[in-house]
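Student: Right, I'll just put the structure down here and ask away after.
In the working numbering, the protein residues as written are 24 to 226.
Listed below in structure tokens is the structure:
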């Protein structure tokens, strides 16, 4: 009887040891994930030709809205996350610029089409740039937005750091223009205590 109990304990131990191995073996090679559609924002500038009563061009940015974390306010930690790196702009799916007109952002020519966007901070931390990634190349490599550092940068446009007037709990991207000067648009990115801007000239 004692031998049977010892054998049973031994068999139980072997099964427990084998369980993690079996769990690893059963893990699927590819998994799926999703995101909440309510966590996305859109900002757009459109033009209308009153003489022809039809659209005259437009551009829009669609983006995920991650929440700011308190630990980002630790400058050392924030620097470690961002200095010398290409940084994801937004959350979940890529932040996308869709324009049917050519633009000039911080002096850089942006051809019409779709562009994935990200941010790059210089090694010393004093300069930020908006980076443009060719979606066709990102799609071909199945590059997720979380892997932005392995995506090839097609265009870089400098951004100015502004003093933030308020803490933004969630990422906010705005395209701002005056009705008296519709060709000059300001792109503003605000998240937590970080605020960046870039001028956009529309032909």
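Note that beta-carbon positions come from the ideal geometry of N, C-alpha and C, so glycine has one too.
Can you list the beta strand (DSSP E) stretches of 3 or more residues lying completely in the stretch 101 to 151, in chain order?
Tutor: Runs of the beta strand (DSSP E) inside the stretch 101 to 151: 109 to 111, 118 to 122, 126 to 128, 131 to 133, 136 to 144.
Student: Short check: CB of residue 178 to CB of residue 198, under 9 Å?
Tutor: Contact flag unset, no.
Student: Nearest to residue 159 by alpha carbon, out of 149, 90, 148, 176?
Tutor: Selected option, being the one with the closest Cα: 176.
Student: Could you compute how far the alpha carbon of residue 118 sits from the alpha carbon of residue 75?
Tutor: Residue 118 and residue 75: Cα-Cα distance of roughly 33 Å.
Student: Between 141, 181, 73, 53, which lies nearest to residue 132 when the distance is taken from Cα to Cα?
Tutor: Among 141, 181, 73, 53, the Cα nearest to that of residue 132 belongs to 181.
Student: Taking C-beta to C-beta, are residue 156 and residue 111 nearer than 9 Å?
Tutor: No, these two residues do not count as a Cβ contact at 9 Å.
Student: For residue 179, report the span of its beta strand (DSSP E) as first-last.
Tutor: Its beta strand (DSSP E) spans residues 178 to 184.
Student: Going by C-alpha distance, which of 209, 218, 214 is nearest residue 130?
Tutor: Here the closest residue by C-alpha is 209.
Student: Counting C-beta neighbours from all protein chains within 10 Å, is the total for residue 103 16 or more, i.e. buried, or is it exposed?
Tutor: Exposed is the call here.
Student: Pairs of beta-carbons, one from the stretch 61 to 74 and one from the stretch 94 to 109, closer than 8 Å: are there three or more?
Tutor: Verdict: no, contact absent.
Student: For the alpha helix (DSSP H) holding residue 158, just list the boundary residues, first then last.
Tutor: Counting along the chain, the alpha helix (DSSP H) containing residue 158 begins and ends at 158 to 163.
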